[in-house]
Each structure stands twice: as structure tokens, then as C-alpha cells.
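Report on the structure given below.
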Amino acid sequence: MEKSITLKNLLIKQQKCIGLLFNADKVIDALVKELPNPMWSNEFKMPYILNTQANQQLIFDKFRGVAWINCNYFFQDRVLNHNNEEIDLKWFDKRQKKENFKSCPEEYLQKLKLKKYANNTVRSYVSRFEDFINYYKDIELIKLNENDIRKYLQKLIDEERSNSYINVSINAIKFYYEMVLGMPNRFYSIERPRKEFKLPKVLSKEEVLGIIENTNNMKHRCIASLLYSAGLRRNELLNLKLEDIDSKRMLINIKQGKGNKDRNTVLNQSVLEDLRKYFRAYSPKVYLFEGKISGQKYSPSSVLQIIVRAAERAGIKERVTPHMLRHSFATHLLENGTDLRYIQLLLGHNSTKTTEIYTHVASNTFAEIKDLLS
47 MEKSITLKNL
57 LIKQQKCIGL
67 LFNADKVIDA
77 LVKELPNPMW
87 SNEFKMPYIL
97 NTQANQQLIF
107 DKFRGVAWIN
117 CNYFFQDRVL
127 NHNNEEIDLK
137 WFDKRQKKEN
147 FKSCPEEYLQ
157 KLKLKKYANN
167 TVRSYVSRFE
177 DFINYYKDIE
187 LIKLNENDIR
197 KYLQKLIDEE
207 RSNSYINVSI
217 NAIKFYYEMV
227 LGMPNRFYSI
237 ERPRKEFKLP
247 KVLSKEEVLG
257 IIENTNNMKH
267 RCIASLLYSA
277 GLRRNELLNL
287 KLEDIDSKRM
297 LINIKQGKGN
307 KDRNTVLNQS
317 VLEDLRKYFR
327 AYSPKVYLFE
337 GKISGQKYSP
347 SSVLQIIVRA
357 AERAGIKERV
367 TPHMLRHSFA
377 THLLENGTDL
387 RYIQLLLGHN
397 STKTTEIYTH
407 VASNTFAEIK
417 DLLS
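Numbered per the numbering used here, the sequence shown finishes at 420, counting up by one with no gaps.
Below, the structure written as C-alpha cells:
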């Protein structure tokens, strides 16, 4: 069996260290003892040395030809998603700063940018992390421990924040320590709230048609129609380019959707006819839906406002989001007898288990239940 050593980022006595994790082996053990001032960590159950560039190089030189060095957990600069758009931080620079307010560190923003996190994720992480650092305004972040994190999370629980809000807060905090400071598993034992099971909010077909009919113009009509008839996520809609509409095969090509997956979904004939009218009127150049500047994508907030206002005009009292149209697409297909496997493929889910949630809201699920009062 090939020998291997896994490098780990450790923080010991406020110093960054390199942990060396390996199966018991006399040769490796002897070579580790030749490294500069090796120590043993009872907490992490592995030997370690100080994390310096010289020591990093020394490890590779020392074990070359002896053991494979696994750096998957050590070097954290892997790009998350090459296809995400460039991070827009204008909102961060333009916003008004409160007095004595601690802003997100520059290195935090740069790491988010380097790893190409999505813009929505960046906004969420920055907001949650700034809440956290301002809660501990007078304490150096490097000195905070797991109990401090738990105290902050308890504050969020007392404020009756949702589980998803708390989970994003944990992710934002861990991002700083694990990615920015390079200390993975700094707070590895922080407990996360249980994932909530929430049923998707679904509109009736009449309500969906009401939204489409109450849009302001052909561009808005096509946006609402595609969200519903193709089951698109908002970002998938905004990333569509002209060549992604395959009118010959009546398909829409989704490139690098959620999870970096390509897929095809259906193109409705009536939507295609509307798209042709839209194209003649608006002449988009690159993306199917462009903003005021030709060749640039339409904004997510504009799509949200289109759906919200059209729903209000349609007389729908609850607040409608673009994603509710996707939920409605899947539910209506299921109610019409479409196989769950086909719906899974159209939505781009990894497993039918994700798609099965729509069986909980499809009306025909309960159609065979007898009326106990009749």
C-alpha cells in the first residue's frame, strides 16, 4: 500500500501549524522527527510543526519518493465555481457606514472573490460576518473560541432566527477562520440546527396564468413564462444566451446550472412565439435578457420585482417569488401524471429524493382519500 501523509492546518497556542496525519509507519515517523522542532498534539492526535513557507517546502523535499503528500485539506484556494460571474462589490464600497461599525476585513472579501462565490452568497456571508464581528467588537477574532461562537448562536436563537439564517451565519464565520486564516476545522464541533422540512409554496395554474397576463410588456411576459414553463431558477434564466434556445428541438439548454451541471428543459410553443416577438422588439445581443447596457445580463432584483408586481396586479395576496413558479411547474407536472424521474431531470436534481417533496403538495396525492364526513 502506498504511503501517504495528509497535511492539516492547525491553530495551536495562537500559532498556525502544519499537522501531519498518517498511518503508523516507522520510516515516516523517523523522517518527521528530523523536521524542525516537531511536537505532538493530544487534541488533534498528530505531530505538527510551525506553518512557514520554508517548512512547507521542507516537507515536500523530505518525503519525496517516500510518501505521497495529500494537500486537499491544506491549500484552500481552489476556485468554487469557474462559471460564476465576477463579484460586484460596488454595494459594499457605496454603503453608508455606521459610527464605530466594524466592516468586513478586506482579506475576507478578496478570498470570496478568489474562490468565485456567487454574488448572492457574498452578500449573505458579508452581512452575517459583520453582525458577528460587531457582537464581539472589543475582542480580537483570533482569540475567540467555540464557546464564544455558541454564545453568539444562542443570541440568534433567542431572536428566533430561522435555521437557514443560523446555518449561513455559521458558514460565514467558519469561512473566515478556515479559508481566510487557513485554519480548517477551527470550530469543527459547533452544532448546527437541524434542517427544517418546509413544503414548497405552490400557485394554482390560474394564478400563474394571471401573473403572466399581468406583466407590463413582452420582455416581462417572456421572463415570467420561462420561469414557469421551463422550471428555471432565476440565475439560470439570467445566464441564458441566445444560442441556448433550441427552437428546432424545442429545448432550452441550461449550462452550468446549480452544482455546475448542464441539462436540457422544455421549450413551450407559445413561449417560443412570444420570444420571437420579444427578440424583434428588443434585439438582445448576447444574453437572452439584457439590462440597459447591451450585452450585460438583466439583474436578479429586476426579475423579482417583475414577478412581485405582476402577482399583486393579478390579485394574489401572498408575496410571490420567481422560485415559486419553478415549484408550481414541478407540482403541476406531477398532478398531470408526469413521471417523477422526468421531473427530476427537468429540474436538474441529483436524486428523485429531492423531487419527491412535490408529492407532498400535489393535489392528486390526496385524491383517493375518502371523505370521512360523507
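Backbone N, C-alpha and C fix where the C-beta goes; we use that ideal spot for every residue, glycine too.
Within the region 167-216, no beta strand (DSSP E) run of at least 3 residues lies entirely inside it. For residue 198, same chain residues with a beta-carbon under 7 Å away, outside a window of 5 residues either side, are 178, 181 in chain order.
CA-CA distance, residue 372 to residue 196, rounds to 36 Å. When secondary structure is reduced to three states using DSSP, residue 361 falls in the coil class, being assigned neither helix nor strand. The three-state secondary structure of residue 151, taken from DSSP, is coil. In the DSSP assignment, residue 94 falls within the unbroken beta strand (DSSP E) covering 92-96. For residue 308, the secondary structure class from DSSP, reduced to helix, strand or coil, is coil. Of the candidates 266, 72, 99, the residue whose Cα lies closest to the Cα of residue 64 is 99. Three or more beta-carbon pairs separated by less than 8 Å are not found between the region 241-251 and the region 290-310, which leaves the two stretches without contact.
For residue 281, the closest of 346, 224, 287, 295 by C-alpha to C-alpha distance is 346. The C-beta distance from residue 390 to residue 401 rounds to 4 Å, short enough to fall under 8 Å. By the C-beta density criterion, residue 216 is buried, having at least 16 other C-beta atoms within 10 angstroms. Ranked by Cα distance from residue 375, the options 354, 299, 255, 360 are led by 255.
According to the DSSP assignment, residue 142 belongs to no beta strand (DSSP E), since it is labelled neither H nor E. With fewer than 16 other Cβ atoms from the protein chains shown falling within 10 Å of its own Cβ, residue 76 counts as exposed. Boundaries of the beta strand (DSSP E) around residue 61: 61-67.
The alpha-carbon separation between residue 267 and residue 163 amounts to approximately 30 Å. Look at the beta carbons and you see the region 156-173 touching the region 204-218: at least three pairs across the two are nearer than 8 Å.
By the Cβ test, the region 287-299 is in contact with the region 313-330, since at least three Cβ pairs between them sit closer than 8 Å. In this structure, residue 379 keeps its C-beta atom at 8 Å or more from the C-beta atom of residue 368.
Three or more pairs of CB atoms, one per stretch, sit closer than 8 Å, so the region 270-289 contacts the region 329-341.
Taking C-beta separations shorter than 7 Å and ignoring five residues to either side along the sequence, the partners of residue 95 in its chain run 63, 64, 81, 82, 83, 84, 101, following chain order.
Residue 271: member of the alpha helix (DSSP H) spanning 264-275, first to last residue. Separation of residue 88 and residue 398 (C-alpha to C-alpha, rounded to the nearest whole angstrom) is 44 Å. Excluding the 5 residues flanking it on each side, residue 383 has no same chain C-beta neighbour closer than 7 Å. Secondary structure of residue 380 (DSSP, three-state): helix. With contacts defined by Cβ atoms closer than 8 Å, residue 360 and residue 260 form a contacting pair. For residue 293, there is no enclosing alpha helix (DSSP H), as DSSP gives it neither H nor E. Distance from the CA of residue 341 to the CA of residue 68, rounded to the nearest whole angstrom, comes to 52 Å.
The beta carbon of residue 117 lies closer than 8 Å to those of 53 in the same chain, with the five residues before and after it left out. Ranked by how close their Cα comes to the Cα of residue 184, the residues 264, 146, 348 have 146 in first place.
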